[in-house]
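**Q**
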Amino acid sequence: GKEGIELGQCVYEIYNHDLEERVSKAGVNLLLSKWMLELEKVFYGNIVAFDTAMLPEAKPDDLQTGIRK
Numbered sequence: 001g002k003e004g005i006e007l008g009q010c011v012y013e014i015y016n017h018d019l020e021e022r023v024s025k026a027g028v029n030l031l032l033s034k035w036m037l038e039l040e041k042v043f044y045g046n047i048v049a050f051d052t053a054m055l056p057e058a059k060p061d062d063l064q065t066g067i068r069k
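Sequential numbering from 1 applies to the sequence shown in the UniProt record's numbering.
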């Protein structure tokens, strides 16, 4: 629901901020938009897999499968 969406957005913002800091500290000062976009796709794909694995109708190994991706 709404709380889950807000939590997901909060987790994403923390993740994105941490990633930007790490890249900056590593001395990378290039335009990273394509790379960041790919990481966002991976991040959101994982969130969807984890959400699906937590549903009552999920199979017992769905979470483990999501983590392996």
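Every residue, glycine too, gets a C-beta built ideally from N, C-alpha and C.
Model, not experiment: these values are computed from the prediction.
By how many angstroms is the C-alpha of Glu57 removed from the C-alpha of Tyr44?
**A** Answer to the nearest angstrom: the Cα atoms are 21 Å apart.
**Q** Could you check what DSSP says for Ala53 in three-state terms: helix, strand or coil?
**A** The answer is helix: DSSP assigns Ala53 an H, G or I state.
**Q** Measure the alpha-carbon distance for Thr52 versus Asp62 and round it to whole angstroms.
**A** Taking the straight line joining both Cα atoms gives about 8 Å.
**Q** Are the CB atoms of Gly27 and Phe50 nearer to each other than 9 Å?
**A** No, Cβ-Cβ distance for Gly27 and Phe50 is not below 9 Å.
**Q** Among the candidates Glu6, Trp35, Leu7, whose CA atom is the shortest distance from the CA of Glu20?
**A** When only C-alpha atoms are compared, the closest one is Trp35.
**Q** Rounded to whole angstroms, what is the Cα-Cα separation between Tyr15 and Leu55?
**A** Distance between the alpha carbons of Tyr15 and Leu55 is about 24 Å.
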